[in-house]
Amino acid sequence: MNVRYIINMLGKLLFIEALLMLAPFIVAIIYGENTIIAFGISMAILLMVGGVSLLFPPKNNTIRAREGLLITGLAWILMSLFGALPLWLSHEIPHYLDALFEVVSGFTTTGASVVLDVEAMSYSCLFWRSFTHFIGGMGVLVFALAILPATGTQSMHLMRAEVPGPSVGKLVAKIRLTARLLYVIYVVMTMILFLLLMIGGMPVYDSLVTSFATAGTGGFSVKAASIAAYANPYAEVVITIFMLLYSVNFNLYYLILIGKAGSIFKNEELRWFLAIVASAITAVTINIYPLYQNFWHALRDSSFQVATILSTTGFATANYDLWPNFARTLLVILMFLGACSGSTGGGIKIARVAVIFKTAVNQVRKQLFPRTVVPVKFEGKLLGDQMQSGITSYMFAYIAVVIFSILLLSFDAFSLTTNFTAVAACINNIGPGLDVVGPTGNYAAFSPLSKIVLIFDMLAGRLELFPILVLFAPVAWKKN
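Per the numbering used here, the very first residue in the sequence shown carries number 451; after that it's consecutive.
Printed below as a string of structure tokens:
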């Protein structure tokens with residue numbers, strides 16, 4: 451195992467985090483807030499620790515998949531541990547575990563919060579909360595690969611370990627250029643959203659942090675009532691559209707850039723995604739319509755909530771915990787489905803769901819007609835045994851983590867609905883669930899043990915389980 455390379459890479463990432471903290475540091479200066487001290491101390495600590503790690507340059511740059519997984523898991527943990535410092539040192543969140551919960555929720559684009567009065571927080575700390583969504587949306591390592599020199603093999607191991615979805619590939623010949631292209635698309639889309647929200651009357655600061663949270667499909671808001679606080683139908687429609695746009699595989703946007711827009715609808719995962727969105731919006735609208743004065747309001751709220759749950763963003767324009775059981779149940783199901791692979795969204799991913807469905811149908815056919823050989827295809831390609839076994843392994847690990855997490859949360863005196871949806875919302879990186887953790891509630895009342903479990907779930911869900919689970923495998927730490 452190339453220990454020196456791992457340490458060196460982690461040191462560089464801590465330097466990058468110090469650089470990223472300059473943004474809220476500047477916000478603190480602009481608004482004259484005393485949080486400038488907390489951010490200054492945090493940046494100094496990051497630079498010091500990062501500097502020490504850089505004293506051990508690697509003897510060679512050769513890494514394998516194991517190092518890629520370890521770097522990814524450790525990077526997200528370290529960035530969260532240090533990223534929580536400003537919120538804790540500024541006393542905006544008095545307890546370090548709560549500050550860590552909030553920042554992990556930010557970086558993993560979950561949006562679950564323990565803050566009881568979000569509107570009482572400083573501009574700079576609120577900015578940092580939402581900015582962590584933007585950083586984590588595309589991935590901290592993808593950002594690092596875009597700015598740091600690295601060879602193709604090393605970069606590919608890192609990118610495969612971090613980018614969500616069953617597989618990851620290169621858009622262009624070099625991984626570094628691929629990372630840059632992804633970030634350019636990501637930033638441009640966020641700038642367009644920011645401008646559209648300002649045009650719609652949302653304040654500049656609110657437009658910016660809302661754009662960060664939407665881009666990362668995170669859901670942190672500077673308002674206690676989330677997007678509903680603005681009572682702005684235009685903003686709701688714009689955010690709904692962009693939540694869905696960020697839920698699509700970013701490779702498809704690259705096809706548009708190179709003049710192959712016509713081929714994007716040949717993408718099978720996208721067709722599944724659009725069909726699920728349309729069906730869910732229709733079903734929820736019909737179910738909740740009796741609760742509303744007019745059809746268009748019901749359609750707007752149902753479209754927003756379907757988009758925010760399926761994209762795993764976690765914003766709210768209505769208290770869907772008060773909706774009929776059918777609508778609530780459907781939203782919980784959407785929590786697990788999630789967005790498309792290669793997007794900023796979480797969940798199981800539509801590609802996996804489609805493959806699992808096709809495999810199940812194929813098995814039924816084999817039971818009926820044992821001699822018939824019907825290959826399973828996805829995106830026009832035959833699914834190999836490695837892909838199918840990989841998805842099966844992922845689903846087994848996913849179900850095991852969910853069950854074990856719910857069992858640990860059961861020690862708290864909350865309902866099964868609260869515990870189940872809390873785990874579902876965290877491992878799928880959504881944020882709000884139902885009951886105590888519904889759109890008008892939060893996670894503050896959970897015990898320290900439950901918060902640690904949910905922190906693990908958020909990290910495991912964002913990194914597709916294995917980069918976090920491998921940290922607990924003794925074989926991963928062996929030298930050879």
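Ideal Cβ positions, reconstructed from N, Cα and C, are used throughout, including at glycine.
*Do you know how far the Cα of Tyr-680 is from the Cα of Met-652?*
8 Å
*Specify, as a first and last residue, the run of the alpha helix (DSSP H) that Trp-526 falls within.*
515 to 533
_Three-state class that DSSP yields for Lys-827 in the structure shown_ = strand
_Using a Cβ-Cβ cutoff of less than 6 Å, which residues in the same chain neighbour Phe-465 once the five nearest sequence positions on both sides are dropped?_
Gly-500
*Return helix, strand or coil for Leu-547, following the three-state DSSP convention.*
helix
*Helix, strand or coil: which one does DSSP assign to Leu-915?*
coil
*Secondary structure at Leu-832, three-state DSSP: helix, strand or coil?*
strand
_Length of the line joining the Cα atoms of Ala-850 and Ala-766_ = 30 Å
_Where Asn-484 falls, given that 16 or more other Cβ within 10 Å makes a residue buried_ = exposed
*Give the straight-line distance between the Cα atoms of Met-645 and Ser-657, rounded to the nearest whole angstrom.*
Looking at the sequence provided, one finds Leu at residue 645 rather than Met. So the two alpha carbons sit approximately 8 Å from each other.
*Just tell me which of Val-823, Glu-719 and Met-493 has its CA closest to the CA of Ala-789.*
Glu-719
*Ala-665: buried (16+ other C-beta within 10 angstroms of its C-beta) or exposed?*
buried
*Alpha carbon to alpha carbon, how far is Asp-862 from Phe-662? Give it in angstroms, no decimals.*
33 Å
*Return yes when the Cβ of Trp-526 is within less than 8 Å of the Cβ of Phe-954, no when it is not.*
Nothing about residue 954 can be read from this structure; the chain reaches only from 451 to 930.
*Looking only at its own chain, which residues have a Cβ that is under 6 Å from the Cβ of Arg-912, when we skip the five neighbours before and after it?*
Thr-558 and Asn-879
*Whole angstroms is fine: what's the gap from Gly-891's alpha carbon to Met-648's?*
28 Å
*Measure the alpha-carbon distance for Gly-792 versus Arg-454 and round it to whole angstroms.*
30 Å
*Taking only the alpha-carbon atoms, compute the straight-line gap between Phe-864 and Leu-857 and give it to the nearest angstrom.*
12 Å
*Do Thr-660 and Met-693 have their C-beta atoms closer together than 8 Å?*
no
*Determine the direct distance from the alpha carbon of Ala-910 to that of Pro-508, and round the result to whole angstroms.*
28 Å
_Checking 8 Å against the spacing of the C-beta atoms, do Glu-552 and Ser-540 come in under that value?_
no
*Own chain residues within Cβ distance below 8 Å of Gln-755, not counting five before or after*: Val-734, Ala-766, Thr-767, Ala-768, Tyr-770 and Leu-781
*In three-state DSSP terms, what is Met-583?*
Per the sequence shown, the amino acid found at residue 583 is His instead of Met. Looking at His-583 - three-state DSSP - the assignment turns out to be helix.
*Since I believe Tyr-481 is in contact with Ser-574 (beta carbons under 8 Å), could you give me their beta-carbon distance rounded to a whole number of angstroms?*
7 Å
*Would you kindly report the start and end of the unbroken alpha helix (DSSP H) that includes Met-785?*
775 to 787
*To the nearest angstrom, report how far apart Lys-673 and Thr-522 are at their CA atoms.*
32 Å
_Close beta carbons around Ile-902, own chain, < 8 Å, minus the five adjacent residues each side_ = Leu-547
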